[in-house]
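Dropping the structure here:
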């Protein structure tokens, strides 16, 4: 991704964060964590998908039982995070309009924490305080093709961008 594209994406993501702030009456420090949480989910899901393809390609096939299921251990052997189905970004994006999006994202974070003790109490789980429409819009923004194909370095730059913007917003 070129610098100009990255700046455009960062600006769009920051506008989404501003929508979150404006529609929730929260301070920059309060609304930045949910946005950073969605960045985390998007990145974890991208990595999950990439590793899943690699794992499935390498799984042996038994003549009667077929291919065995992918396991958490398969991901750990490749230094990747296993995501339960309800923690996967596509699952959240595909939720029906009637679903409680905030509760579903909170649950996704909890499921990841349940899988990884070192993340317990670290991931944001306060998405239920935001409107369903606002969360659906944020999920849509984070589901853009450019982010579906993004890898670690890009997410690192976006994360740094948000942290810097957050610091500036807190100073004022």
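Residue numbers (the numbering used here): 162 to 333. All C-beta atoms in this analysis are idealised placements derived from N, C-alpha and C, irrespective of residue type, glycine included.
According to the neighbour-count rule (16 or more other Cβ atoms, all chains shown, within 10 Å of its Cβ), is residue i buried or exposed?
i           : result
residue 267 : buried
residue 279 : exposed
residue 282 : exposed
residue 286 : buried
residue 319 : buried
residue 230 : exposed
residue 241 : buried
residue 212 : buried
residue 317 : exposed
residue 259 : exposed
residue 198 : buried
For a test of your reading of the model: does the CB of residue i fall under 7 Å from any non-hydrogen atom of the ligand NAP? Yes or no.
i           : result
residue 312 : For the ligand NAP, the structure offers nothing, since it holds no ligand at all.
Go through its chain and collect everything with a Cβ distance to residue i's Cβ below 7 Å, but skip five positions before and after it.
i           : result
residue 311 : 207
residue 117 : What is shown of the chain runs 162 to 333, which leaves residue 117 out entirely.
residue 308 : 203
residue 256 : 262, 265
Is the separation between the beta-carbon of residue i and that of residue j shorter than 8 Å?
i           : j           : result
residue 269 : residue 289 : no
residue 293 : residue 263 : yes
residue 243 : residue 236 : yes
residue 284 : residue 273 : yes
residue 226 : residue 220 : no
- Message: Please give me, in chain order, every unbroken run of the alpha helix (DSSP H) with length at least 4 that falls completely inside the stretch 202–273.
- Response: Complete alpha helix (DSSP H) runs here, min 4: 233–237, 250–254.
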